[in-house]
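To start, the structure itself, in structure tokens.
Residue numbers (my numbering), protein chains in the order written: chain A, 1 to 96; chain B, 1001 to 1305.
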């Protein structure tokens, strides 16, 4: 694991003015992967877009953690269905 | 420049209270927020309008100005001048400072307020966010790249210009129509040391061949001579990489499908592996028969009777 790609959770708390408990709750709910290296917690930079999305939904739209879990599940399903739809559309080309 | 009815945008009437505005805004923002409507341009546009409406209507000064001029916003300057000449006090068109409303944030272009807003309230009139730093990671960029089917038969390098910056990337063979690939770190710069955003490229593959494609398999129809179908023979068919000879079995039926293993499209990110080419025979029955031919076919018919 490249440490340069990891962002310390305390830095995120400071940057976004959020409590550490929020990050921990996201982690416990499976909404955000937190990596521990030498007793220090980090988030991979690849997960930042997802983290920022959760942050916006929680603080801007006042959606609680259970709501975030439901939204994440539904958005994942939307993504899967979009992929299926694309595959079917491409397949439709065989019959046109 | 088009007039925007901010009351209509929030589905309110002019007598709406601040509590009504807040409630309507929250309700509509939850419905149209871009995070909840990924890749939906119409929801994004609607959300921007809702954000803008809230920006104006939740700020008493801006709301007053909007109510006063509304559709006559183009003549607002003139009205203001007349007012001043009459010795009345009126609000200028400069920066109103930080508004009362809170525009929702996000990694999307919610900064794009309409020309109507900019004209009426000035560029500095918008309030910024919730006070929480909305972005640390840089903005993600999206681009569409149009290629032909023959282009994506082999991996090749291509230079793209994204936001004035040239990026040389390798497009892997076998990429599919509608597929999106992520180029990490080629988006906007991060804020305060945050990571750069990513570049997402969606491919639009135009089929410039007679083959039909499904993932790594190719399909084509080949006309087959009636006699070759009955008696067997050899034909030459097109594959993506050139012509190949094919043996025809005697008594081949119409719509028979044969598989040419490994003659299909490259498998995405599996170098050296190819799908198959499926050829469907379309047997051409002879037309304009001579009397001699008819006689011989009748003879053949009698033999089968």
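Think of the CB as a built atom: it goes at the ideal place given N, C-alpha and C, for glycine as much as any other residue.
Proximity below 8 Å, CB of residue i to CB of residue j
{"i": "residue 1247 of chain B", "j": "residue 1281 of chain B", "result": "no"}
{"i": "residue 1050 of chain B", "j": "residue 1069 of chain B", "result": "no"}
{"i": "residue 34 of chain A", "j": "residue 43 of chain A", "result": "yes"}
{"i": "residue 1141 of chain B", "j": "residue 1217 of chain B", "result": "no"}
{"i": "residue 45 of chain A", "j": "residue 1195 of chain B", "result": "yes"}
{"i": "residue 1268 of chain B", "j": "residue 1190 of chain B", "result": "no"}
{"i": "residue 1262 of chain B", "j": "residue 1215 of chain B", "result": "no"}
{"i": "residue 1043 of chain B", "j": "residue 1034 of chain B", "result": "yes"}
{"i": "residue 83 of chain A", "j": "residue 1136 of chain B", "result": "no"}
{"i": "residue 1056 of chain B", "j": "residue 1047 of chain B", "result": "no"}
DSSP state of residue i mapped onto helix, strand, coil
{"i": "residue 1065 of chain B", "result": "helix"}
{"i": "residue 93 of chain A", "result": "helix"}
{"i": "residue 2 of chain A", "result": "coil"}
{"i": "residue 1038 of chain B", "result": "coil"}
{"i": "residue 71 of chain A", "result": "helix"}
{"i": "residue 1298 of chain B", "result": "helix"}
{"i": "residue 30 of chain A", "result": "coil"}
{"i": "residue 1227 of chain B", "result": "helix"}
{"i": "residue 1002 of chain B", "result": "coil"}
{"i": "residue 58 of chain A", "result": "helix"}
{"i": "residue 16 of chain A", "result": "helix"}
{"i": "residue 9 of chain A", "result": "helix"}
{"i": "residue 36 of chain A", "result": "strand"}
{"i": "residue 1190 of chain B", "result": "coil"}
{"i": "residue 1145 of chain B", "result": "strand"}
{"i": "residue 1289 of chain B", "result": "coil"}
{"i": "residue 21 of chain A", "result": "helix"}
{"i": "residue 1025 of chain B", "result": "helix"}
{"i": "residue 1150 of chain B", "result": "coil"}
Identity of the residue in the options nearest residue i by Cα
{"i": "residue 57 of chain A", "options": "B:1036, B:1009 and B:1235", "result": "B:1036"}
{"i": "residue 1193 of chain B", "options": "A:93, A:39 and A:6", "result": "A:6"}
{"i": "residue 1203 of chain B", "options": "B:1010, B:1279 and B:1149", "result": "B:1149"}
{"i": "residue 1159 of chain B", "options": "B:1153, B:1151, B:1170 and B:1152", "result": "B:1170"}
{"i": "residue 1184 of chain B", "options": "A:49, A:62 and A:75", "result": "A:49"}
{"i": "residue 1235 of chain B", "options": "B:1245, B:1252 and B:1181", "result": "B:1245"}
{"i": "residue 63 of chain A", "options": "B:1029, B:1301 and B:1058", "result": "B:1029"}
{"i": "residue 1257 of chain B", "options": "B:1117, B:1241, B:1219 and B:1272", "result": "B:1219"}
{"i": "residue 1209 of chain B", "options": "B:1232, B:1239, B:1229 and B:1023", "result": "B:1239"}
{"i": "residue 41 of chain A", "options": "A:52, A:71 and A:21", "result": "A:21"}
{"i": "residue 1272 of chain B", "options": "B:1153, B:1228 and B:1284", "result": "B:1153"}
{"i": "residue 995 of chain B", "options": "B:1034, B:1221 and B:1151", "result": "There is no way to answer for residue 995 of chain B, as the model of chain B reaches only from 1001 to 1305."}
{"i": "residue 28 of chain A", "options": "A:69, A:59 and A:10", "result": "A:69"}
{"i": "residue 1007 of chain B", "options": "B:1230, B:1064 and B:1227", "result": "B:1064"}
{"i": "residue 1039 of chain B", "options": "A:4, A:91 and A:78", "result": "A:78"}
{"i": "residue 90 of chain A", "options": "B:1041, B:1179 and B:1067", "result": "B:1179"}
CB contact below 8 Å: residue i versus chain A
{"i": "residue 1288 of chain B", "result": "no"}
{"i": "residue 1247 of chain B", "result": "no"}
{"i": "residue 1029 of chain B", "result": "yes"}
{"i": "residue 1089 of chain B", "result": "The predicted model places residue 1089 of chain B with a pLDDT of 40, which falls under 50 and marks its position as unreliable; any figure quoted below should be read in that light. By this cut-off, residue 1089 of chain B is not an interface position."}
{"i": "residue 1151 of chain B", "result": "no"}
{"i": "residue 1036 of chain B", "result": "yes"}
{"i": "residue 1299 of chain B", "result": "no"}
Nearest-angstrom Cα separation, counted from residue j out to residue i
{"i": "residue 1060 of chain B", "j": "residue 1010 of chain B", "result": "16 Å"}
{"i": "residue 1105 of chain B", "j": "residue 16 of chain A", "result": "For residue 1105 of chain B, the predicted model reports a pLDDT of 49, less than 50, meaning its position is unreliable and no value from the coordinates is stated."}
{"i": "residue 1295 of chain B", "j": "residue 1303 of chain B", "result": "13 Å"}
{"i": "residue 1198 of chain B", "j": "residue 1166 of chain B", "result": "15 Å"}
{"i": "residue 1128 of chain B", "j": "residue 1114 of chain B", "result": "The predicted position of residue 1128 of chain B is uncertain, since its pLDDT is 46 and thus under 50; a value taken from the coordinates is nonetheless stated next. The alpha-carbon atoms of residue 1128 of chain B and residue 1114 of chain B are separated by roughly 16 Å."}
{"i": "residue 1143 of chain B", "j": "residue 1200 of chain B", "result": "6 Å"}
{"i": "residue 95 of chain A", "j": "residue 1004 of chain B", "result": "45 Å"}
{"i": "residue 1225 of chain B", "j": "residue 1162 of chain B", "result": "52 Å"}
{"i": "residue 1291 of chain B", "j": "residue 1278 of chain B", "result": "38 Å"}
{"i": "residue 8 of chain A", "j": "residue 76 of chain A", "result": "26 Å"}
{"i": "residue 1145 of chain B", "j": "residue 1176 of chain B", "result": "12 Å"}
{"i": "residue 1242 of chain B", "j": "residue 1260 of chain B", "result": "13 Å"}
{"i": "residue 1120 of chain B", "j": "residue 1013 of chain B", "result": "21 Å"}
{"i": "residue 1228 of chain B", "j": "residue 1251 of chain B", "result": "8 Å"}
{"i": "residue 66 of chain A", "j": "residue 30 of chain A", "result": "11 Å"}
{"i": "residue 1305 of chain B", "j": "residue 1172 of chain B", "result": "59 Å"}
Beta carbon proximity, residue i to chain B, threshold 8 Å
{"i": "residue 61 of chain A", "result": "yes"}
{"i": "residue 53 of chain A", "result": "yes"}
{"i": "residue 13 of chain A", "result": "no"}
{"i": "residue 40 of chain A", "result": "no"}
{"i": "residue 93 of chain A", "result": "yes"}
{"i": "residue 24 of chain A", "result": "no"}
{"i": "residue 90 of chain A", "result": "yes"}
{"i": "residue 8 of chain A", "result": "no"}
{"i": "residue 35 of chain A", "result": "no"}
{"i": "residue 86 of chain A", "result": "yes"}
Residues that residue i contacts on chain E, provided the C-beta gap is smaller than 9 Å
{"i": "residue 1140 of chain B", "result": "Judged by its chain identifiers, the structure shown contains no chain E, and its protein chains are A and B."}
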